[in-house]
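**Q** Numbering (this note's numbering), first residue to last: 708 to 820. Even for Gly, the Cβ is constructed at its ideal location relative to N, Cα and C. Have a look at this one before I ask anything.
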């Protein structure tokens, strides 16, 4: 497997910086299968912020992969290239990754004007 690839069982995420702040906040949206694995079929999303990511040894400014395993959320840092690879792939989360990249590009353009 190429180093830029992310295994299918991992979902990619790149948290959103809060406006006018150095903090980050986002929701990890769970599929019905992930909610069942988490142990609560009614859970639709898990909120994450910069503090949670830092506690897990992740840089909140960079993308990461996550999955639910044995009722726990596991996270690992991934490269920007790996995130871009997912966006260009035919994975289930590729459209989401494309939207994140587009959104980040638009914020950078607005910020430079």
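Taking only three categories from DSSP, how would you classify residue 792?
**A** Working through the chain shown from its first residue, we reach residue 792 at position 85. Helix at residue 792.
**Q** Checking 8 Å against the spacing of the C-beta atoms, do residue 763 and residue 734 come in under that value?
**A** Sequence index remark: in the chain shown, residue 763 carries index 56 (1-based). Sequence index remark: in the chain shown, residue 734 carries index 27 (1-based). Not closer than 8 Å, so no.
**Q** Grouping DSSP H, G and I as helix and E and B as strand, with all else coil, what is residue 741?
**A** As a first step, residue 741 is located in the chain shown; it is residue number 34 there, counting from the start. Residue 741: helix per DSSP, three-state reduction.
**Q** Cα-Cα, which of 797, 756, 817 is closest to residue 721?
**A** Here residue 721 refers to the residue found at position 14 of the chain shown. Comparing Cα-Cα distances from residue 721 to each of 797, 756, 817, the minimum goes to 756.
**Q** Which one of 801, 778, 779 has the shortest CA to CA distance from residue 789?
**A** One-based indexing of the chain shown puts residue 789 at position 82. Closest by alpha carbon: 801.
**Q** From which residue to which residue does the alpha helix (DSSP H) around residue 760 run?
**A** Your numbering for residue 760 matches position 53 in the chain shown. Here the alpha helix (DSSP H) through residue 760 covers 757 to 762.
**Q** Between the beta-carbon of residue 719 and the beta-carbon of residue 772, is there less than 8 Å?
**A** Reading the chain shown from its first residue, position 12 is the one you call residue 719. Reading the chain shown from its first residue, position 65 is the one you call residue 772. In this structure, residue 719 places its C-beta atom within 8 Å of the C-beta atom of residue 772.
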